Amino acid sequence: MVFRGWKLDKKGEEVVMPEVVLIILTIIFFGVLLIFIAKAASSSLFYEEVYAKKIGLSIEAAKPGTILEFNISKPYIISKENKFEESFRDKFFYFDNEENSVTIKLASEGGYKFKLMSLKSVSNPVVNIDELNKKYVLVLSVGK
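What follows is the structure in structure tokens.
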């Protein structure tokens, strides 16, 4: 067998193939690692988790009929950095009443889901964005 002008016997071929496979797997591994680091560097992973837990625990502690307001200035700024601001109003906060979970999303991909322990419900979640006064607020009503 000829390999780039060199003659290899069976023994040489057995040595080359595992090395090529190892190099390809190493490139794939470091590629995935770099993608994760880039996402973590944008801090969206961290803030998705922080706000999902903060909102989820606040819902857990609230009595039925309580209206909660959250300052979401930092998540809005991060969503702008991730070019997610157009979808921010609709996709930032999602509460699944069947699973009792809060999902926070600051980028087009991903998101963080936090499951509640109690059987609370959330109604009328509204994201108010006031660019003029730089006020960004999530308002929601807690039910039973």
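Residue numbers (the numbering used here): 1 to 144.
Glycine included, every Cβ here is placed at the ideal spot set by N, Cα and C.
Computed from a predicted model, the values in this text were never measured in an experiment.
Quick check: what's the CA-CA separation for residue i versus residue j?
{"i": "residue 65", "j": "residue 139", "result": "13 Å"}
{"i": "residue 48", "j": "residue 16", "result": "45 Å"}
{"i": "residue 232", "j": "residue 55", "result": "Since the first and last residues shown for the chain are 1 and 144, residue 232 lies out of range."}
{"i": "residue 97", "j": "residue 46", "result": "24 Å"}
{"i": "residue 37", "j": "residue 144", "result": "40 Å"}
{"i": "residue 74", "j": "residue 128", "result": "14 Å"}
{"i": "residue 100", "j": "residue 126", "result": "18 Å"}
{"i": "residue 121", "j": "residue 131", "result": "30 Å"}
{"i": "residue 22", "j": "residue 110", "result": "30 Å"}
Kindly indicate which three-state DSSP category residue i falls into: helix, strand or coil?
{"i": "residue 146", "result": "Residue coverage of the chain in this structure runs from 1 to 144, which leaves residue 146 outside it and unanswerable."}
{"i": "residue 113", "result": "strand"}
{"i": "residue 135", "result": "strand"}
{"i": "residue 1", "result": "Confidence at residue 1 is low in this model, with a pLDDT of 49, below 50, so the placement of that residue should be treated as unreliable; the coordinate-derived value is given next. Reduced to three states, the DSSP call for residue 1 is coil."}
{"i": "residue 84", "result": "coil"}
Can you tell me where the beta strand (DSSP E) with residue i in it begins and where it stops?
{"i": "residue 43", "result": "That residue, residue 43, is in no beta strand (DSSP E); it is neither H nor E in DSSP."}
{"i": "residue 101", "result": "101-104"}
{"i": "residue 93", "result": "93-96"}
Quick check on the DSSP output: the alpha helix (DSSP H) that includes residue i runs from which residue to which?
{"i": "residue 77", "result": "73-81"}
When you measure from the CB of residue i to every non-hydrogen atom of the ligand ADP, does any distance come out below 7 Å?
{"i": "residue 76", "result": "Absence of the ligand ADP is noted for the structure shown, with no ligands found whatsoever."}
(message) For the segment 18-35 against the segment 43-62, do three or more pairs of beta-carbon atoms, one drawn from each stretch, fall closer than 8 Å, so that the two count as touching?
(response) By the criterion of at least three beta-carbon pairs nearer than 8 Å, the segment 18-35 is not in contact with the segment 43-62.
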